[in-house]
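If you read the sequence shown in the numbering used here, its first letter stands for residue 44, the second for the next number, and so on.
Every residue gets a Cβ at the ideal spot worked out from N, C-alpha and C, and that includes glycine.
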Amino acid sequence: KSPLHSKFAYKCSDKLQFIGVFMDLLKIVFLSLGSIIVLFILTKLMGNREMSQLSMFDYVVSITIGSIAAEMSTSLENNFLEPVIAMVVYGIVATAISYFTCKSIKIRRIVSGRGKILYDNGKLYRKNLIKSKLDLNEFLMQCRINGYFNLADIQTAILETNGRISFLPVSREKACYSR
């Protein structure tokens, strides 16, 4: 082999390697765009809700679908359809569970849980604080954030299923009964 032939083969090899890298990057761009489109469609089908309104199940499903989309966009193998099917399955299951939780109280309690009474009529329910992974300081901070600087101003405090605390103030009006 001549030295000229070796130089030519080396230059062709570099060009082919550059084209291969460019094609891989182009594939990532198109897969990313595809995953964004699928995520957009699934989000529209599953419904728009704020993060504070998501149940724990919805949050986990959203994270999983996002993880699958990220894997799909960076995967250099020729398996575009498999991650799309997985995201669609997660979207269908999440939508079905959302539908059934609207129709059935039992299913709603299983999926979303129940609110917990943290404070009622001057009594602090420490076991519910522990179950809710709240300490007394966090509870008192939430009271202050919501404008209650004195516990005597609170009738009931309930930890809702979305993680927020609802406060029922003490009624200032006493019932009057005439004789």
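* Give a yes or no on contact between the stretch 175-183 and the stretch 139-148, applying the rule of three or more CB pairs nearer than 8 angstroms. => no
* **Contact check, residue 82 vs residue 108, beta carbons under 8 angstroms** => As a first step, residue 82 must be located in the sequence shown, where it is residue number 39. As a first step, residue 108 must be located in the sequence shown, where it is residue number 65. Yes, Cβ-Cβ distance for residue 82 and residue 108 is below 8 angstroms.
* Count the other CB atoms within 10 Å of the CB of residue 63; is the residue buried (16 or more) or exposed (fewer)? -> In the sequence shown, the residue the question calls residue 63 occupies position 20. Exposed is the call here.
* **Identity of the residues DSSP links to residue 199 by a beta bridge** => Here residue 199 is taken as the residue at index 156 of the sequence shown, counted from 1. Beta-bridge pairing links residue 199 to 163, 211.
* Asked: DSSP state of residue 178, grouped into three classes?
  -> Taking the first residue of the sequence shown as 1, we reach residue 178 at position 135. If DSSP states are grouped into helix, strand and coil, residue 178 belongs with coil.
* Measuring CB to CB, does residue 89 end up less than 8 angstroms from residue 111? -> Counting from 1 along the sequence shown, the entry for residue 89 is found at position 46. Counting from 1 along the sequence shown, the entry for residue 111 is found at position 68. No; because the gap between Cβ atoms is not below 8 angstroms, this pair is not in contact.
* 8 angstroms Cβ cutoff met for residue 74 and residue 118 -> Position 31 of the sequence shown, counting from 1, holds the residue named residue 74. Position 75 of the sequence shown, counting from 1, holds the residue named residue 118. Cβ distance < 8 angstroms, so residue 74 and residue 118 count as in contact.
* Asked: Could you give the residue range of the alpha helix (DSSP H) that holds residue 141?
  -> The count along the sequence shown starts at 1 and reaches residue 141 at position 98. Counting along the chain, the alpha helix (DSSP H) containing residue 141 begins and ends at 124-146.
* Asked: What's the gap between the Cα of residue 61 and the Cα of residue 155?
  -> Locating residue 61 in the sequence shown gives position 18, counting from the first residue. Locating residue 155 in the sequence shown gives position 112, counting from the first residue. Computed Cα separation, rounded: 52 angstroms.
* Asked: Taking the continuous alpha helix (DSSP H) assigned at residue 102, which residues delimit it?
  -> Indexing the sequence shown from 1 puts residue 102 at position 59. Taken as a continuous stretch (DSSP letters only), the alpha helix (DSSP H) holding residue 102 covers 99-117.
* DSSP-derived helix/strand/coil call for residue 204 -> Indexing the sequence shown from 1 puts residue 204 at position 161. It is coil, neither helix nor strand.
* **Coarse secondary structure for residue 63, derived from DSSP in three states** => As a first step, residue 63 must be located in the sequence shown, where it is residue number 20. If DSSP states are grouped into helix, strand and coil, residue 63 belongs with the helices.
* Asked: residue 156 by DSSP, collapsed to three states: which one?
  -> Taking the sequence shown and counting its residues from 1, one reaches residue 156 at position 113. It is coil, neither helix nor strand.
* Asked: To the nearest angstrom, how far is it from the Cα of residue 98 to the Cα of residue 204?
  -> Start at 1 with the first residue of the sequence shown, and residue 98 comes out as number 55. Start at 1 with the first residue of the sequence shown, and residue 204 comes out as number 161. So the two alpha carbons sit approximately 7 angstroms from each other.
* Helix or strand or just coil, what does DSSP make of residue 220? -> Your numbering for residue 220 matches position 177 in the sequence shown. Low confidence applies here, because residue 220 scores a pLDDT of 44, under 50, leaving its location unreliable; read the following figure in that light. DSSP places residue 220 in coil when its eight states are reduced to three.
* Asked: Excluding the five sequence neighbours on either side, which residues of its own chain have a C-beta within less than 6 angstroms of the C-beta of residue 128, listed in chain order?
  -> Sequence index remark: in the sequence shown, residue 128 carries index 85 (1-based). No residues qualify anywhere along the chain.
* **Residues near residue 136 by beta carbon distance below 8 angstroms, same chain, minus five either side** => On the sequence shown, residue 136 is found 93 positions in, with the first residue counted as 1. Counting only Cβ-Cβ distances below 8 angstroms, and skipping sequence neighbours, we find 104.
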